[in-house]
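Counting with the working numbering, you get residues 101 to 484 for the letters of the sequence shown.
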Amino acid sequence: GWPFVGAMLLPPGLHMLHETATAKGARGVAWLAAWGAAVAAGMLGLAAAVDSFLFYGRFTVAVLNILLYNALPSEGGDELYGTAPVSYYAKNLALNLGVALPLAAAAVPLGLASAWLAPRGKPPGPPRASLVLMAVSPALVWLALMFSRPHKEERFLYPTYPLLCLAAGWALILLRRAALAVPLPAGLGRGLAAAGTVAVGLAALAAGASRAASNASNYGGYMTLWREAQSMPELSGARICMGSDWYTFPSSFFLPEDASMAWVDSEFGGQLPQPFVGTMARAPQPFNDVNAKEPARYTPLGECDAVVATVAGDPARRSRLAAEVAAEGWHGVASAAVLDPDASPALTRAFFVPGLSRNKNRWMQYGVFVRSGAAGSAVGAPAA
Numbered sequence: 101g102w103p104f105v106g107a108m109l110l111p112p113g114l115h116m117l118h119e120t121a122t123a124k125g126a127r128g129v130a131w132l133a134a135w136g137a138a139v140a141a142g143m144l145g146l147a148a149a150v151d152s153f154l155f156y157g158r159f160t161v162a163v164l165n166i167l168l169y170n171a172l173p174s175e176g177g178d179e180l181y182g183t184a185p186v187s188y189y190a191k192n193l194a195l196n197l198g199v200a201l202p203l204a205a206a207a208v209p210l211g212l213a214s215a216w217l218a219p220r221g222k223p224p225g226p227p228r229a230s231l232v233l234m235a236v237s238p239a240l241v242w243l244a245l246m247f248s249r250p251h252k253e254e255r256f257l258y259p260t261y262p263l264l265c266l267a268a269g270w271a272l273i274l275l276r277r278a279a280l281a282v283p284l285p286a287g288l289g290r291g292l293a294a295a296g297t298v299a300v301g302l303a304a305l306a307a308g309a310s311r312a313a314s315n316a317s318n319y320g321g322y323m324t325l326w327r328e329a330q331s332m333p334e335l336s337g338a339r340i341c342m343g344s345d346w347y348t349f350p351s352s353f354f355l356p357e358d359a360s361m362a363w364v365d366s367e368f369g370g371q372l373p374q375p376f377v378g379t380m381a382r383a384p385q386p387f388n389d390v391n392a393k394e395p396a397r398y399t400p401l402g403e404c405d406a407v408v409a410t411v412a413g414d415p416a417r418r419s420r421l422a423a424e425v426a427a428e429g430w431h432g433v434a435s436a437a438v439l440d441p442d443a444s445p446a447l448t449r450a451f452f453v454p455g456l457s458r459n460k461n462r463w464m465q466y467g468v469f470v471r472s473g474a475a476g477s478a479v480g481a482p483a484a
């Protein structure tokens with residue numbers, strides 16, 4: 101598992117301890133703590149047993165290892181895998197949440213204001229602010245932790261999305277409640293509140309649909325090609341090689357029958373993955389904990405039967421592997437268009453705008469190439 105998300109359990113855990121202490125006193129707290137420790141020990145023991153006997157061949161606590169590696173690194177830290185400014189997370193939150201982000205950001209201030217302005221002795225109405233704050237607070241803890249780390253990835257934000265959407269919904273309820281409290285002619289206030297709620301919902305739906313369509317249009321070519329690759333006779337039993345765009349390979353489930361994946365040396369300077377052989381006790385290649393390039397990972401291009409590479413329209417911007425494939429006369433047997441993010445405008449790269457995105461964006465060819473002599477087209481202009 102991913103033990104870092106345990107930080108999100110701190111607020112509800114403290115809430116449970118408080119509620120238990122209030123209802124059952126110190127004995128109840130001790131009983132709850134004992135049960136929690138027993139469950140945690142049981143889960144950790146089971147995971148350690150599976151990892152040790154089935155995979156590593158030696159006693160291993162993988163959860164402890166990942167915590168120690170990231171919290172107490174011997175050299176460097178998570179920044180070994182790349183760093184990004186705080187704006188990276190801010191942009192991703194805005195792109196993925198849309199209109200829900202400003203609502204979620206306003207939820208806590210609106211909730212506190214609602215509780216403070218409520219008439220004394222009269223609660224502001226369901227849902228209770230304390231319960232919603234408790235439900236939303238894990239997202240705040242997680243975001244504070246993630247924003248503080250130099251290494252940032254979009255996937256690290258995923259645990260917060262349901263809670264941030266909950267916060268946005270709560271903020272919308274509070275705003276609607278405030279709108280209904282404004283002294284307006286009968287029916288007008290309810291109509292305006294309903295119209296505002298519908299407008300927010302439609303805006304969220306439109307932004308979400310545009311974002312989803314953009315991802316499918318801009319990056320769907322990667323999966324399209326690998327689906328086609330499964331039935332290509334040229335790839336049956338082949339050694340397929342990739343270079344600096346190795347991360348676009350989805351998984352071995354997409355390889356044709358009896359085919360294998362290999363890496364060729366490229367601009368990428370970090371440690372590459374290797375095929376899983378069933379147990380780490382027989383790992384065929386060395387690993388290191390500083391994300392340094394391992395020469396044993398690489399296969400000479402001359403030993404490759406096929407290559408999957410991204411080819412930019414501008415030859416000066418092509419990767420080393422794409423340039424070698426073009427120079428040696430390899431031929432394309434299949435390709436799909438994928439976005440060239442560095443040459444495309446930010447708006448049409450992030451959102452699908454009918455009639456505009458396809459014309460404004462620039463495209464690259466993501467293709468399968470085989471050696472000269474096989475049927476295919478020369479490496480050249482990107483697919484339309």
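Backbone N, C-alpha and C define an ideal beta-carbon position, used for all residues, glycine too.
These numbers were taken from a predicted model, which means no experiment stands behind them.
- Counting of Cβ neighbours within 10 angstroms places Met108 among the buried residues, the total reaching 16 or more.
- Looking at the DSSP output, Val468 shares a beta bridge with Val408 and Ala434.
- Apart from sequence neighbours up to five positions away, the residues of its chain that approach Ala279 with a beta-carbon distance below 7 angstroms are Gly289, Leu292, Ala293 and Gly296, ordered along the chain.
- Between Ser344 and His115, the alpha-carbon positions lie close to 48 angstroms from each other.
- Scanning the segment 328-364 from its first residue to its last, the whole beta strand (DSSP E) runs of 3-plus residues come out as 339-342 and 360-363.
- Trp102 carries a coil assignment under DSSP once its states are collapsed to helix, strand and coil.
- Shown here, Leu439 sits in a strand according to DSSP, grouped into three states.
- DSSP links Tyr398 through a beta bridge to Trp363.
- The alpha-carbon separation between Leu266 and Pro209 amounts to approximately 15 angstroms.
- When beta bridges are read from the DSSP output, Trp242 appears opposite no residue.
- Taken atom to atom, the span from the alpha-carbon of Tyr261 to that of Ala268 is near 10 angstroms.
- Per the coordinates, the alpha-carbon of Phe247 lies some 10 angstroms from the alpha-carbon of Ala184.
- Cβ-Cβ separation between Ser457 and Ser317: approximately 7 angstroms, consistent with a contact (criterion under 8 angstroms).
- With 16 or more other Cβ atoms inside 10 Å of its own Cβ, His431 counts as buried.
- Put simply, the backbone Cα of Val407 is about 11 angstroms away from that of Tyr466.
- The shortest C-alpha to C-alpha distance from Tyr181 to any of Arg420, Ala396, Asn388 and Ala121 is the one to Asn388.
- Around the C-beta of Gly145, fewer than 16 other C-beta atoms lie within 10 Å, and the residue is accordingly described as exposed.
- According to the DSSP assignment, Met108 belongs to no alpha helix (DSSP H), since it is labelled neither H nor E.
- The shortest CA-to-CA distance from Gly402 to any of Tyr169, Leu421 and Ala412 is the one to Leu421.
- Taking one beta carbon from each stretch, the segment 409-426 and the segment 359-378 have 3 or more pairs nearer than 8 angstroms; the two touch.
- Per the C-alpha coordinates, the member of Ser214, Gln374, Pro454 and Ala123 positioned closest to Ala281 is Ser214.
- One alpha carbon belongs to Met323, the other to Pro350, and they sit about 8 angstroms apart.
- Of the residues Met342, Gly136 and Pro356, the one whose Cα lies closest to the Cα of Glu328 is Pro356.
- Cβ contact annotation for Tyr188 (same chain, cutoff 6 angstroms, sequence separation greater than five): Lys252, in chain order.
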